[in-house]
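Once you know that position 79 of the sequence shown is 75 in our numbering, the rest is easy, because the numbers rise by one and skip nothing.
Note that CB positions come from ideal geometry on N, CA and C, so glycine has one too.
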Amino acid sequence: MDEQRRATIRRRASVLDEEQSAGAEGNTARRSRPVRPLRRLVPLLAFLVIGFLIARQEIPAVRDAWDRLVTPQSWQARQTCQQAAIADAEHREFSRVLKPGRVNRTVDGIYIDRLLIGTMGESGTETRIEYTCYLDADGKLVKLHRSSP
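Below, the structure is given as structure tokens:
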């Protein structure tokens, strides 16, 4: 039994010596195996998704484009309300949308609250006005309510 074990060890040692004498070729062949393309893309895709989510919240043009593609009816209702609010402002040529408002569905239409418009005040400083809008099912303005924040 002892002889068989020594013979097995010698055979294994000779096989190991052959692999080691092949040297770097055997090792580099294993190391140079190409990395799967998907594994390289995962960190990039994660970075792009996180960047898009941040941009959607912080950049109004990105938010508008997303809403226009994903929820066109809500986007159109928000645009109608924003245009009506700017038209209602005292100095409409110096007015801008600060916060686009939140769209809520009702039984008979759409309700938009927390629409914040900035306009030039009497002393030249910006005055903030909060609006709420009610639109019917067709997207036509029913009521525009103005309040100071």
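Checklist entry - Could you give the C-beta distance for D132 and D104, rounded to a whole number, given that I count them as a contact under 8 Å? => result The residue labelled residue 132 in the question sits at position 136 within the sequence shown. The residue labelled residue 104 in the question sits at position 108 within the sequence shown. The beta-carbon separation of D132 and D104, rounded to 7 Å, stays under the 8 Å limit for a contact.
Item to check | Local Cβ density within 10 Å of Q78, reported as buried at 16 or more and exposed below that | outcome: For the purposes of this step, residue 78 is taken as residue 82 along the sequence shown, with counting starting at 1. Label assigned to Q78: buried.
Next on the checklist: Once the 5 residues before and after E122 are set aside, which same chain residues still bring their CB inside 6 Å of it?
Outcome noted: Position 126 of the sequence shown, counted from the first residue, corresponds to residue 122. Counting only Cβ-Cβ distances below 6 Å, and skipping sequence neighbours, we find G114.
Checklist entry - Quick one: what's got a C-beta closer than 7 Å to F86's C-beta in the same chain, skipping five residues either side? => result Start at 1 with the first residue of the sequence shown, and residue 86 comes out as number 90. Note that residue 86 corresponds to Glu in the displayed sequence, not to Phe. Cβ neighbours of E86 beyond the five flanking positions: T115.
Checklist entry - Roughly how many angstroms separate the alpha carbons of R1 and R8, rounded to a whole number? => result Taking the first residue of the sequence shown as position 1, residue 1 is located at position 5. Taking the first residue of the sequence shown as position 1, residue 8 is located at position 12. Roughly 11 Å between the two C-alpha positions.
Item to check | Inter-residue Cα distance where the pair is A42 and W71 | outcome: Looking up residue 42 in the sequence shown gives position 46. Looking up residue 71 in the sequence shown gives position 75. When rounded, the distance between both Cα atoms is 27 Å.
Checklist entry - Going by other Cβ atoms of all chains shown within 10 Å of its Cβ, with 16 needed for buried, is V38 buried or exposed? => result Within the sequence shown, the letter at position 42 stands for residue 38. Flag for V38 reads exposed.
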